[in-house]
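Be aware that the sequence shown starts at 3, since it is given in the working numbering, and climbs by one per residue.
Where a beta carbon is used, it is the ideal one built from N, C-alpha and C, also for glycine.
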Amino acid sequence: MKWQAGWLIFAGMLMLGLVVGWALWFAPPRAAVTVEPPVIAEPAEGVFPGKIAPDFRLPTLGGGTVTLGEHRRHRVLLNFFASWCGACRKEMPGVQAQAEKHAAHDWVVLGVNVMEDRDTALAFRDEFELTFPILLDERGLVTRLYLVTGTPTNLFINRDGVIVERQLGYMSEAHIATIIESVP
């Protein structure tokens, strides 16, 4: 009886081995696993810090057009404003002072007049003696593209076109200067 139990165990183990061997032999081949080095991608396009500022084309008060893309390799302060906005009126002398101070240091200031006509924007420019380009977004297309929900809104963009800082609301000249100094 002992020898029958031993043969049964041996036969069971043999069958188990055959089943496992058969399963391994006929199993589908595994794909070779390769590890690729991580790809460091460019920042995606977007309107918030860390994203590449979307390009746009707008007419200027001077009669030409400006694209944001033509200012790549420069640092840009993009200032969205409206003439009726009290905070914009308070902020604009500081924006103009910083535009004058940093014009020779690879900075470009672009003012985007939000949904006002040419005459209103012209009167505002003349009142504040603005020397930087004023872009006319009469239909609000760029304002919507940049998700501007209030004025003033300022975007500080580095030489690679990446938004470094985005500020909604009034900024003192000192605050503007601090951010300008921090943008590479």
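- Message: Three Cβ pairs or more, each shorter than 8 Å: is that satisfied between the stretch 125–138 and the stretch 101–114?
- Response: Contact holds between the stretch 125–138 and the stretch 101–114, because three or more Cβ pairs, one in each stretch, are under 8 Å apart.
- Item | Other residues of its chain near G52: CB distance less than 8 Å, five sequence neighbours each side excluded | So the qualifying residues of the chain are P45, V164, I165.
- Continuous alpha helix (DSSP H) stretch holding L157: start and end: Boundaries around L157 are those of the beta strand (DSSP E), 155–159, since no alpha helix (DSSP H) includes it.
- Query: For G48, which of helix, strand or coil comes out of DSSP?
  - Reply: In the structure shown, G48 adopts coil according to DSSP, grouped into three states.
- Euclidean distance between Cα positions of G142 and G88: The C-alpha of G88 is placed about 19 Å away from the C-alpha of G142.
- Item | When P56, E183, T67 are compared against L147, the one with the closest alpha-carbon | Out of P56, E183, T67, P56 has the C-alpha closest to the C-alpha of L147.
- Could you check what DSSP says for G163 in three-state terms: helix, strand or coil? Three-state result, G163: coil.
- Expressed to the nearest angstrom, what Euclidean distance is found between the alpha-carbon atoms of T155 and P95? Between the C-alpha atoms of T155 and P95 there is a straight-line separation of about 15 Å.
- Task: Could you name the residues that DSSP lists as bridge partners for T62?
- Result: DSSP, once it has assigned bridges, lists L137 as partnering T62.
- Message: Suppose contacts are defined by Cβ-Cβ distances below 8 Å. Is V185 in contact with N160 by that definition?
- Response: Between V185 and N160, the C-beta gap is smaller than 8 Å, which places the two residues in contact.
- Message: Below 8 Å on the Cβ atoms is my contact criterion, and I expect L60 with V68 to pass it. Report the Cβ-Cβ distance as a whole number of Å.
- Response: The beta carbons of L60 and V68 sit about 6 Å from each other, so the pair counts as a contact at 8 Å.
- Task: Answer with buried or exposed for A101, where buried requires no fewer than 16 other C-beta atoms within 10 angstroms of its C-beta.
- Result: Classification of A101: buried, given that the 10 Å Cβ count is 16 or more.
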